[in-house]
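Residue numbers (the numbering used here), protein chains in the order written: chain A, 235 to 719; chain B, 228 to 441.
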């Protein structure tokens, strides 16, 4: 039996869906792109063109979302299915779109630039805890007009894992799809074996912006997976209660799913989100709050009930350095996400409300993720008898170390942490200079960076550099920042 | 007699009851109480108390926001009376505020607007997705002291810089303050903004500072 953490009784899932359907029928959703409103009108929705408000019946919604695939794979650059969206799969990737980098020595949060993202990518590529990589930080020295595709460019150069990304403008979505198509062998091949999923965000409450709609439609038509990231902020951008926020999340994602599936039925789509509670003292949106994780677990349960693959933002901290707060928030929230069996959990490596990333924290978070995945795997029966056979010849001696089962099964039964988790003696620790977790993470990061080798794919790389250089020139950059190859 | 009314006014703000605050303001006008006295003896102590308690962590944003709403309701009733008597309430400064073009994030901006308004600024809230020139035009129209620009996206934040440039080109001398999740102090400096705040409470301090107040 695999542990399965559910906060909602089945009748409560039904009530959430009922209220979300009512909300979409009575209040409606604001759809700011005329083309999206047209799609909805053609499907029979009640459209108020002036107010840009669309009211959807439960029947229309259910019919439209019936075509959503219950599962799909993301492929690595070798063409292997490497991430499974659907069912009870639990996978992790680093957080996205930070603007700061935590200097590991001074502990200052500095504006992130190309070398920082490259370090993050090398670490994420190297650590098995991360099933996918992401366009983790903005490179502040690069013109904003191409910032999103430039991040993807680095991801393609430095990693081979599946990618969680997103665009900031409609025209860059197309450029990014073209960049991915270089590695997939064309746009059609990319649709058949997608290398990346794109985050697409509604605006709370109940708004799909022009850009959000355009993204949904373009990604659906390209057959590239889209991940809806609805972000109710409980008490500010959405109702203060956990359930109230889950209803809003459900309504926003349902509306997005309808637009997406009307654009192209059967296109891959993920029921994702990045909700948070609203801190009533600071006016901030804590990602490490337990209630934030509870909203996530609830909406994932709703998404699963509808048959969607799922995603969320957990495993990050609001703390500013890797201290007790960072550990408890990152670890607890990663664990809740894993137990809620969310297919993709983004957020590792991040501090300060997803604003700041650190490869050293990625190394630390990999341990929380390793343990969370271990717990999610549950207790397995690995032997014919649970214990009896292993008692053969024991004769009251503590000799289990000699047992063949011990040798063959320990690494299956026990998650083996890296050197950042201190399980040594106090003397060994003192002899090593009494390093704390951060110092151990710094050393481990150095080891990973030293061992890292950049994947080679010269043909695609040439085509990619050519395409991105062209796009960069259009944005006013004469040369791309030099790469540390 | 008046003291009782002032206490009730104070309480209406603390409890965040806009209807009651408006009713009490009307009562003051009926009783021929100087609106400035009603404001300063009645409502302002209420908002000051809420601000103080908020600072101490004893009151919370929902209470702060409704207190601001109550304050606004009271001022709306008293305002015509100021005009009639030829007096004016003390305004710390005029602020034009909005979220920049292409960006529809509202919460932070509205919170800042509420806090500024409750603290004695005259606030013109242009809403979200505000074009660069609209900031400039509104600032010119109302002779604004401060323009406050919010941006929640790294892609829209660049347009904060355009506002600074457009103000300069149009010879509008209002000071510019910027805020929003991706906005940093160094970004504010880089684009030539005069003030930057992390949050709504800090924004009031920044605005006061820009007005040369303590």
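Just so you know, even glycine gets a beta-carbon here, dropped at the ideal spot from N, CA and C.
Query                                                                                                                               : Result
Validate contact between the region 451 to 462 of chain A and the region 337 to 354 of chain A using beta carbons, cut 8 Å, 3 pairs : no
Minimum C-alpha distance to residue 366 of chain A - residue among A/317, A/683, A/323                                              : A/317
Meets three-Cβ-pair contact criterion under 8 Å: the region 539 to 548 of chain A and the region 566 to 584 of chain A              : yes
Exposed unless 16 or more other CB atoms sit within 10 angstroms - verdict on residue 384 of chain A                                : buried
Residue 260 of chain A classed as buried or exposed, judged by whether at least 16 other C-beta atoms fall within 10 angstroms      : exposed
Alpha-carbon to alpha-carbon, residue 601 of chain A and residue 616 of chain A                                                     : 24 Å
C-alpha distance - residue 412 of chain A paired with residue 697 of chain A, whole-angstrom precision                              : 11 Å
Cβ contact (3+ pairs, closer than 8 Å) linking the region 410 to 422 of chain B and the region 388 to 401 of chain B                : yes
Enclosing alpha helix (DSSP H) for residue 416 of chain B [first to last residue]                                                   : 412 to 418
Simplified DSSP state of residue 628 of chain A, which is helix, strand or coil                                                     : coil
Members of the region 352 to 368 of chain A that neighbour chain B once the beta carbon cut-off is set at 9 Å                       : none
Burial state of residue 283 of chain B, where buried means 16 or more other Cβ atoms lie within 10 Å                                : exposed
Straight-line Cα distance separating residue 596 of chain A from residue 357 of chain A                                             : 7 Å
Within chain B, the residues that residue 348 of chain A reaches when beta carbons sit closer than 9 Å                              : Within 9 Å Cβ-Cβ: nothing; residue 348 of chain A doesn't reach chain B, min ~15 Å.
Every unbroken alpha helix (DSSP H) inside the region 427 to 460 of chain A [4 residues or more]                                    : 444 to 456
Residue 374 of chain A burial status per 10 Å Cβ neighbour count (16 or more: buried)                                               : buried
Sequence-distant residues of the same chain with beta carbon closer than 6 Å to residue 423 of chain B, five excluded per side      : 405, 412, 415
DSSP beta-bridge partners of residue 582 of chain A                                                                                 : A/328
Distance between residue 570 of chain A and residue 344 of chain A (C-alpha atoms, nearest Å)                                       : 30 Å
Buried versus exposed call for residue 402 of chain A [16 or more other C-beta atoms within 10 Å across all chains shown]           : buried
Reference residue 415 of chain A; option with closest CA among A/390, A/439, A/630                                                  : A/390
Residue 433 of chain A burial status per 10 Å Cβ neighbour count (16 or more: buried)                                               : buried
Cβ pair residue 434 of chain B, residue 338 of chain B closer than 7 Å                                                              : no
Three CB pairs or more closer than 8 Å across the region 501 to 512 of chain A and the region 463 to 481 of chain A                 : yes
Residue-chain proximity (residue 409 of chain B, chain A), Cβ-Cβ < 7 Å                                                              : yes
Contact under 7 Å by Cβ, residue 266 of chain A with residue 283 of chain A                                                         : no
Neighbour flag for residue 426 of chain B against chain A, beta carbons, 7 Å                                                        : yes
Under the three-state DSSP convention, the category residue 316 of chain A falls into                                               : strand
CB contact below 7 Å: residue 284 of chain B versus chain A                                                                         : yes
Residue 354 of chain B versus residue 409 of chain A: straight-line alpha-carbon distance, rounded                                  : 32 Å
CB of residue 451 of chain A within 7 Å of CB of residue 497 of chain A, strictly                                                   : yes
Best match in A/268, A/515, A/364, A/295 for proximity to residue 255 of chain A [C-alpha to C-alpha]                               : A/295
For residue 250 of chain B, three-class secondary structure by DSSP                                                                 : helix
Cα-Cα separation between residue 300 of chain A and residue 500 of chain A, rounded to whole angstroms                              : 9 Å
Residues sharing a beta bridge with residue 693 of chain A, DSSP                                                                    : Paired residues: none, contrary to the question.
Of the listed residues B/311, B/285, B/310, B/276, nearest to residue 298 of chain B (C-alpha basis)                                : B/276
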